[in-house]
Each structure stands twice: as C-alpha cells, then as structure tokens.
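Residue numbers (the working numbering): 3 to 277.
Since the structure comes first, as structure tokens, the remarks are kept for the end.
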Ligand SMILES: Nc1ncnc2c1ncn2[C@@H]1O[C@H](COP(=O)(O)OP(=O)(O)O)[C@@H](O)[C@H]1O
Ligand SMILES: [Mg+2]
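Here is the structure:
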C-alpha cells in the first residue's frame with residue numbers, strides 16, 4: 003500500500019514526465035507522471051518559468067507559495083492541500099509538483115467538489131448557505147451557494163490564515179490522491195497566498211463573523227506554536243521574513259477573534275467569475 007509519505011517521496015525524487023497541459027489554466031499548469039521504483043503518481047507540475055507575472059506578487063514566487071500552503075495545511079492536520087513539493091529539476095526547470103485529485107467515481111472532476119454551486123434564484127439546497135445573488139450568462143437570476151460542511155469550514159479558516167486571494171468554486175475539489183484512501187475535499191491553486199497585504203478573496207462567506215469551533219481554535223493554537231519552531235524554519239525557505247511574520251499575525255488574529263473572517267473593504271472579497 004502506498005502511504006502519504008511514499009507519495010511525497012515519489013513527488014520529491016521520482017522522474018517527472020509531462021503528459022499534457024490543463025487548458026483552463028492561466029499559467030503553464032501541466033499534468034505529469036512522477037515515477038519512483040515502479041510507483042507512479044499523477045501530479046500537477048507548474049514550472050516557475052510558466053508563471054504569468056502579476057502586479058501584486060513578486061515574480062517567480064507562486065510555486066513556492068503553493069508549497070508553503072501545503073506545509074501549513076499539513077501542520078494543521080486538516081489535509082486541505084494535496085501533497086505538494088518543490089522540484090529544482092523538473093523537465094521545464096524548477097517548480098512545484100502536487101498530487102492529482104481523482105474524482106471518486108473516475109471521469110471528470112465536478113468543479114466545487116459538489117459543495118459549491120451556482121443555482122437558480124430561490125433554489126438554494128436545504129442546509130446550504132447563500133453567498134450572493136447575481137445574474138447568469140443569459141441574464142437569469144442566480145445565487146452563489148455553498149454547503150454548510152465541516153471540511154469547507156476549515157478551508158475557510160485556512161484561507162484566512164494563508165491569506166488566499168483566489169478561493170474560487172473551481173479550486174474546491176472532491177476526490178482521492180491515492181487509490182486506497184477515502185475521497186476527501188481538497189483545495190488547489192494556492193499561488194496567490196501569503197501576501198503581506200490583506201487579500202482574502204473567497205466564495206466561502208457563508209459563516210462570516212460566526213464563532214469558530216473550539217477544536218479548530220485548538221488546531222490554530224498548535225499551528226501558532228509550530229510557526230515559531232520547525233514549521234517556521236521550513237516556511238522561511240519559501241516566504242520572506244515579513245510574509246512569515248504577517249502569517250503569524252493572521253493566525254493570532256483568528257485565535258483572538260475566534261470568529262470566521264468578515265469581508266474587508268478596499269479589496270474585492272469575491273473572486274469573479276466565481277468558478
Ligand atoms: N491537484 C489537482 N488535482 C486535480 N485537479 C487539479 C489539481 N490542481 C489543479 N487542478 C485542476 O486544474 C485547474 C487549473 O489548475 P490551477 O491550479 O487552478 O491553475 P492556474 O494557476 O493556472 O489557475 C483547476 O481549476 C483544477 O480544475
Ligand atoms: Mg486556477
């Protein structure tokens with residue numbers, strides 16, 4: 003049986019072969035196979051050289067931020083980010099490699115993982131939360147909604163501490179990274195995270211201002227300690243000192259407020275299109 007540690011080892015040390023390019027991606031996001039000692043893992047490989055420059059993030063840092071987001075998720079024990087590693091020696095040079103999430107029944111991934119959706123106005127599924135009324139492509143009234151789900155709740159808190167500027171519905175996936183594990187809810191595309199400035203932009207506003215669960219706060223307390231120790235050391239090779247310092251502040255703030263984040267002003271709080 004292949005474990006998560008094996009998977010990380012294959013991603014870190016395996017030979018990488020590019021199989022194709024994801025067409026809906028804005029950067030050079032490649033589908034690749036990592037192979038080590040006969041074990042093959044499908045993965046996303048994003049070479050730094052393929053990163054589209056952004057005005058508000060330093061050039062050639064997006065892949066490092068994706069690895070940093072994985073480190074945070076792994077330290078929390080929340081399993082939000084699929085295993086993600088840094089490669090100095092990819093087929094198109096340095097970049098990040100991330101385990102591919104396969105939908106539970108095979109076939110195509112449902113964007114939103116079955117947990118985020120746009121529905122006709124007035125048709126909010128029972129127990130789901132409304133985020134925003136809008137108009138669809140044909141002008142029809144629609145509502146952006148998401149499930150009231152424990153994994154999504156943690157993802158919302160996670161995004162607030164990593165300062166995720168791009169939690170679209172399409173960046174929420176449900177599936178498995180290994181054949182023998184249970185399907186889980188994952189978040190992908192964490193290139194625009196850890197800015198020094200407040201940039202939280204997400205579709206997950208259904209709990210804005212509500213109290214955060216005690217268990218989640220306890221995990222954040224542990225994260226806060228980890229950030230001054232080994233996790234902090236690892237992140238210091240991926241982020242600047244100021245970005246790391248701001249990350250500690252965001253974690254402390256979430257613990258202090260003990261509430262889900264509220265949209266700030268001066269920065270668009272919803273990614274649009276929402277998928
Ligand atoms: N680890 C993954 N497993 C499965 N699908 C993924 C994974 N990462 C990305 N994708 C899919 O590929 C699309 C493009 O990847 P993304 O990381 O969003 O690239 P970009 O930075 O170019 O927007 C995503 O919206 C998602 O549908
Ligand atoms: Mg994307």
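Each residue gets a CB set at the ideal place from its N, CA and C atoms; glycine is no exception.
Round the Cβ separation of residue i and residue j to the nearest angstrom and send it over; I've been treating them as touching at under 8 Å.
i: residue 87; j: residue 10; result: 6 Å
i: residue 83; j: residue 173; result: That belief does not hold up - the Cβ atoms of residue 83 and residue 173 are roughly 11 Å apart, past 8 Å.
i: residue 204; j: residue 169; result: 4 Å
i: residue 186; j: residue 81; result: 6 Å
i: residue 114; j: residue 171; result: 4 Å
i: residue 4; j: residue 180; result: 6 Å
Return the residue from the list the options that minimises the CA-CA distance to residue i.
i: residue 196; options: 249, 85, 17; result: 249
i: residue 258; options: 33, 218, 190; result: 218
i: residue 277; options: 8, 17, 27; result: 27
i: residue 6; options: 100, 51, 61, 18; result: 100
i: residue 60; options: 74, 240, 13; result: 240
i: residue 234; options: 73, 160, 3, 267; result: 73
i: residue 256; options: 213, 228, 243; result: 213
i: residue 96; options: 243, 30, 238; result: 30
Should residue i be counted as a contact of ligand 1 given a C-beta to heavy atom distance under 7 Å?
i: residue 102; result: yes
i: residue 28; result: yes
i: residue 173; result: yes
i: residue 113; result: yes
i: residue 93; result: no
i: residue 206; result: no
i: residue 195; result: no
i: residue 24; result: yes
i: residue 31; result: yes
i: residue 46; result: yes
i: residue 84; result: yes
May I ask whether a heavy atom of ligand 2 can be found less than 7 Å away from the beta carbon of residue i?
i: residue 90; result: no
i: residue 191; result: yes
Just the Cα atoms here: how many angstroms apart are residue i and residue j?
i: residue 44; j: residue 152; result: 27 Å
i: residue 262; j: residue 210; result: 5 Å
i: residue 68; j: residue 134; result: 28 Å
i: residue 310; j: residue 91; result: Because the chain here runs from 3 to 277, residue 310 falls outside it and cannot be looked at.
i: residue 176; j: residue 105; result: 6 Å
i: residue 142; j: residue 122; result: 8 Å
i: residue 271; j: residue 225; result: 25 Å
i: residue 75; j: residue 124; result: 35 Å
i: residue 85; j: residue 98; result: 10 Å
i: residue 231; j: residue 145; result: 43 Å
i: residue 132; j: residue 77; result: 31 Å
i: residue 202; j: residue 12; result: 33 Å
i: residue 71; j: residue 199; result: 17 Å
i: residue 228; j: residue 57; result: 31 Å
i: residue 178; j: residue 184; result: 7 Å
i: residue 63; j: residue 34; result: 21 Å
i: residue 215; j: residue 275; result: 30 Å
Residue i: buried (16+ other C-beta within 10 angstroms of its C-beta) or exposed?
i: residue 17; result: exposed
i: residue 147; result: buried
i: residue 21; result: exposed
i: residue 162; result: buried
i: residue 223; result: exposed
i: residue 208; result: buried
i: residue 36; result: buried
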